[in-house]
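The listed protein sequences derive, respectively, from chains H and C. Here the first sequence is numbered in my numbering, starting from 419 and rising by one per residue. Here the second sequence is numbered in my numbering, starting from 4 and rising by one per residue. Note that beta-carbon positions come from the ideal geometry of N, C-alpha and C, so glycine has one too. Everything numeric in this text was worked out from a predicted model, so none of it was measured. Structure, as structure tokens:
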Amino acid sequence: MSHETLTTLLWLAPLPPILAFAVIALFTNRYRQTSSTIAVLAMIASLVMSFIVFFSVWQMKDLGKKPIGGQIGWLPTGETVLNIGVAVDPLGATFLFMVPLACTLIFIYSVGYMSADPRYTRFFAYLSLFAGSMMGLVVSDNLLTLFIFWELMGFCSYSLIGFFYQKPSAYKAAVKAFMTTRVGDMLLLLGMVYLYAQTGTLNFHAILRSEEVLKELAATPAVLGLGISAAGLIAILIFGGTVGKSAQWPLHVWLPDAMEGPTPVSAMIHAATMVSAGIFMLLRFFPLLLAAGEHSAAFTIVGLIGAFTAFLGATIAVAQYDIKRVLAFSTISQLGFMVAAVGIGAYVAAAFHLLTHAFFKALLFLASGSVIHGVEHGHHHVSHAHHSGHASHSGHGDDAHNGHDAHGEHAGDDAHAFDPQDMRNMGGLRARMPITFVTFLIGGLALAGFPFITAGFWSKDEIFADAYYHGLVKGNGLAALVFVVLVVSALLTAFYTMRQIAMTFLGQPRTEAAAHATESAPTMTFPLIVLAVFALFIGFINIPKDFPIFGALMGDGAFWLKNFIASMLLEKPEPLAFNVVPVLFSIGVALGGLALGWLVYARNPLQAGQTDPVEKLPMFNFLYHRWYWDELYRKIFINPLQAIADNYSRVVDKGVIDRILEGGYALGARVTQGFAEFDRVVITGFSDAVGRFFRNLGDWGRELQTGQVQNYLLSGLIMVIAILVFFLFLFQ
Amino acid sequence: MLSLITFVPLAGAAIVAFAPQRLARVIALGASLVAFALSLALLAGFDAAQAGYQFVESAPWIPQFGIGYKMGVDGISVWLILLTTFIFPIALWFSGESIRERERAYYALMLLMETATLGVFLALDMFLFYVFWEFALVPMYFIIGLWGGERRAYASVKFFIYTMAGSVLMLIAILALGISAGTFDLEAIARDNGAFAANTLLFLAFAIAFAIKVPVFPFHTWLPDAHVEAPTAGSVILASVLLKMGSYGLIRFNLQLFPEASAAFAPLMIALAVIGILYGAAVAFAQSDAKKLVAYSSVSHMGYILLGIFALNQIGIQGAILQMVNHGLSTGGLFLIIGFIYERRHTREMNRFGGLWAKMPLYGALALILALSSAGLPALNGFVGEFVILQGAFAENPLATAFAAFGMVLSAAYLLTMFQKIFLGESRDPANDALRDLNWREVVSVAPLIVMCFVIGLYAAPFFNLMSSSVTGLLTGAGLAMK
């Protein structure tokens, strides 16, 4: 395929979903079937174009050096013009594969999942814009349009998290997500402004593949005398954007609340779009981090925040009961793995884990949605039978669907609040929902890093290998720390995953609702199956060449991803020699954590009414309340801001400024009284004439007459005359 | 041409004054639309490559004092002319919804104000400028005082006192400058500004006069009161057009005539800009009256414009000029949005709404677009302006830029909070049950603003291209170009 055609496809790829948004919002918002069909077809069109691009470039060896794309001038800024454009490079190409694929599956799933929601069309409009924005972000060849789509995604997530906007918890979560990520966005914006001020361009290729520009940035000291290089400060500011978008500590608090949105939205946010975008951008700017120096503050900050977040998320996930909240914290933790990997220079490993994670996390969220859907169905079935005395199941299918996700809205219908997302209300779903169970199990095993047969194992192992090599072989302290923390986090990950699988699917149902749960419709299970296939096999895109057996099996296909995307970097990273120690660690923690979870939760499954064993842990409350970060932020940021805001207008505006003004006015009034004396004696006749003139201006003029105004006009006029006279004398 | 644009509304005012009450609005609307059409023709004939004034008209007026009638337009003022002639028809159109008494006087005053504001942006003679300036403010005083809300007397007097204080300072400065220079011709003084370039006193006199109008912290307290009491159309004009007289004056007078003093005072002005941005945003956050919230958001947004102007470089000033237009569109739009609900419920207390999106989906969508435009969401106009301003300011003062960027976080906070209180959640007052969605007249009033928000947000290049020669010329002429 010619480069021109590919460039055209790149320009077009994000458009169908964005147009679908416009068409649904403006024209078809009353027609449910039409709207969802438009959305799905548009997404498929985008998928087809992306795949054509991907399969045209995936074997190009020098794509990193010469990305394909085109530009147009967009924003004149003084002497320079800011160009915008599209491009595909190896990193972008891999995303052109993952993003539209995951989005398409989520769209198809949503057709089934949202089928009874009254705002079905609005949902598909937002979802389309969300997907289109992510596509735009992926094809952007410059930071400005990346930022534009980045912010549009922020808006979409705001709208979708707050989709059930009558619920206070939903709109609060929406505002929280938008505000928290926006803090990071502003750091990113500053980084962008700084970068542009330094280099005069925002084009990725021009900055990040130019030795000259990078050297210059590394040699320039940062503004404000911070003692680091411009490259380092810009990298840190840009990383701020990642911290917000990819939910890293300290801006991680929005992501768990984001599950207030419908479950497909969670899958979008956690896998295909939002949080992936943050890591994607960090990977893009990896050369800038390198330019800042291997032991620079930038790398250290990235590595520490990533490792800490990985640990934080994993510990909290252990003590959660909400099936989606466990997954939310696991996302935070896994993103921490990726960020930490970037922080120790493991560029390819981070990208690899991002790709595999996108598939298995999308799978886990969609499967959990299926679980919730099934349990809710069971609950409605039971409570209906209970209320009316006979179970006329078929006639109330619609009612049963109405409730899911928005169950808060319908709380009044229920005699007691039943939480269909609480894993304590589940159990034994394996038999009731076999497809959901098997696919969830595959996703869970991938998350836990079950050896060899899951994608998660290969990508996590890659991170361990890098961290081990840099940390324990080369003696880099940061990498060693990262290695230890990630190993512990991986152990916890395997443990909480097993806990989740056991509590949800194994043993006996702990509620009537769980006992009557039903498997979901094919529109929902089909995407699960496809994603499960990827969760198993996507890892084979980057099998280490000299890994026993598997490396040989892959032949030339080994390290495809590494060979492909490492051409993004100026210096291709040396492939690490195979080392068995980190592999043993990654097998050990995965199996160990799973076994531990098995021992605690699967051997003797939780009975109805029985307390979860983790509650016996001394720090259970601390973990359950997420280390109290939300409470802390409320105390140190939100409350003071509120107090400042509440008091400032009273104290400063009314208390100080207006008081001064009134004082000045009183003084002025005294002065004008002096004038008035003068006025009475000298200008009375004149002002009377003026007054008469005004009164005769016609009837509309009369309507304006108020004594007060006349006085003001008069005193103004007098002042003008007085000053004029004064100056004429002064300057003669 | 320029005089024609300027005085068409005045002619309209004269006709309105003697026409029957019921025709007042139609005539006023017609006159303002003629002015808009003429200014589009002006835009079509405008030569972007030329840095200096175009369409210049000049006639002696009081030659003894060197006072002349001189008008001209350049790449800076041309956008303000278009903004003014674009906003006035919208405000007059919407006035039909809310103004039901003494219509003749109202429409005549509005048209008088349009003539005066156009004159302010076009005048090239300082004395003429002052005359127009005064004529622009007096009608607003009446509009607040006669068609305003409950505390209109207090608000209008406060408005007038502030305004007079600024005017007096400006008049002193104009007279001092004009008499010592021997001419009131702005172009001539700017060309040969050596004697005053560093004159602190004159700089301050002008700066304070314009700062009151912008308004710059701490001269802003008149603004929330004036906005809250003004009728909707008055608020729209006040925010969209009248405030721009201040920021325009800062560029035209302070930067052009006193470049050295401007450079010396730039740090102070930037500090005030940043204080305004953060302070306005923080106070906006605490308001429960939607209109007051938007009024304080104006204080915050005008801070960005001030920041861009006193970055004293090409990018910053261009951003500031574009942001003047953006602020006019977004904030004007938000005042309309609040006007819609006020006409229905006669309250603006956000706590008495809630859940309106379900009842008024179209209204909710339009309000959300304008709120996001004001909050600087990319693809809408506010982002382009703020990004360019920050780019300009960064070269001058990175730390101030960082604080200013934080203001964008706060602006999202108060605007989304406003949106949430009115539109999301459950209704908090049974009176909301009877609400109906927007009628076509209301949609017509706000639609042009929203379209322009998208146009500028998606492709702002034409706007910058038209102003860039003039801004370059201004900076070169003032000797600031090499900064």
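Item, Value
"Any chain H beta carbon closer than 8 Å to I344 of chain C", "no"
"Coil, strand or helix - T186 of chain C by DSSP", "coil"
"Contiguous alpha helix (DSSP H) assignments of at least 4 residues, all confined to the stretch 196 to 222 of chain C", "203 to 216"
"CB contact check: L1122 of chain H to chain C, cutoff 8 Å", "Caution applies to L1122 of chain H, whose pLDDT of 40 falls short of 50 and renders its modelled position unreliable; the value that the coordinates give is listed next. It does: the Cβ of L1122 of chain H has a partner Cβ on chain C nearer than 8 Å."
"As assigned by DSSP and simplified to three states, the class of R633 of chain H", "This sequence places Lys at residue 633 of chain H; Arg is not what is there. In this structure, K633 of chain H counts as helix in the three-state DSSP scheme."
"Between the CA atoms of R351 of chain C and E445 of chain C - distance to the nearest angstrom", "18 Å"
"Proximity of L655 of chain H and G609 of chain H at Cβ, strictly below 8 Å", "yes"
"Contact with chain H by K486 of chain C, beta-carbon distance below 8 Å", "Since pLDDT at K486 of chain C reaches only 45, below the 50 mark, its modelled position is unreliable, and no value is offered."
"In chain order, each alpha helix (DSSP H) run of at least 4 residues that lies wholly inside the stretch 649 to 692 of chain H", "672 to 675 and 681 to 685"
"A179 of chain C versus L189 of chain C - alpha carbon distance", "14 Å"
"Contact check, A549 of chain H vs P680 of chain H, beta carbons under 8 Å", "no"
"S420 of chain H classed as buried or exposed, judged by whether at least 16 other C-beta atoms fall within 10 angstroms", "exposed"
"CA nearest to the CA of L1175 of chain H, picked from H:L673, H:A457, H:V471 and H:L459", "Nothing in the structure corresponds to residue 1175 of chain H, since chain H is present only between 419 and 1150."
"Straight-line Cα distance separating H791 of chain H from P705 of chain H", "45 Å"
"C-beta neighbour in chain C for V611 of chain H, strict 8 Å", "yes"
"Contact list for Y1051 of chain H against chain C, beta-carbon separation under 9 Å", "Residues of chain C passing the Cβ test: none, with the nearest at roughly 14 Å."
"Chain C residues whose Cβ lies nearer than 7 Å to that of I566 of chain H", "P381 and A382"
"Short CB-CB distance (under 8 Å) between N1129 of chain H and chain C", "Because N1129 of chain H sits at a pLDDT of 48, beneath the cut-off of 50, its placement in the model cannot be relied upon, and the following sentence gives the value as read from the coordinates. So no, N1129 of chain H is outside the interface."
"Stretch-stretch touch, CB-based, cutoff 8 Å, three pairs: the stretch 60 to 74 of chain C with the stretch 98 to 107 of chain C", "no"
"Three-state class that DSSP yields for Q317 of chain C in the structure shown", "helix"
"Amino acids of chain C, ordered along the chain, whose beta-carbon sits closer than 9 Å to that of Y583 of chain H", "G358, W360, A361, Q423, F426, L427 and G428"
"Secondary structure of Q477 of chain H, DSSP reduced to three states", "coil"
"Sub-8 Å separation of L605 of chain H and G658 of chain H beta-carbons", "yes"
"Any C-beta of chain H under 8 Å from that of S473 of chain C", "no"
"CB of L514 of chain H within 8 Å of CB of F439 of chain H, strictly", "no"
"is_contact[E569 of chain H, chain C] using C-beta, thresh 8 Å", "yes"
"8 Å Cβ cutoff met for W1045 of chain H and I734 of chain H", "yes"
"Contact residues within the stretch 943 to 965 of chain H, judged by C-beta distance below 8 Å to chain C", "none"
"M692 of chain H and V789 of chain H closer than 8 Å at C-beta", "no"
"Presumed contact (8 Å Cβ cut-off) between F89 of chain C and F124 of chain C, rounded CB distance", "Incorrect: roughly 13 Å between the Cβ atoms, too far for contact."
"Short CB-CB distance (under 8 Å) between M455 of chain C and chain H", "no"
"Pairwise C-alpha distance: A685 of chain H and A460 of chain H", "19 Å"
"Coarse secondary structure for E937 of chain H, derived from DSSP in three states", "coil"
"Per-residue burial, W360 of chain C [other beta carbons within 10 Å of its own, 16 or more giving buried]", "buried"
"Coarse secondary structure for G71 of chain C, derived from DSSP in three states", "strand"
"A777 of chain H versus A953 of chain H - alpha carbon distance", "Sequence inspection shows Phe at residue 777 of chain H; the Ala mentioned does not correspond to that position. F777 of chain H and A953 of chain H: Cα-Cα distance of roughly 6 Å."
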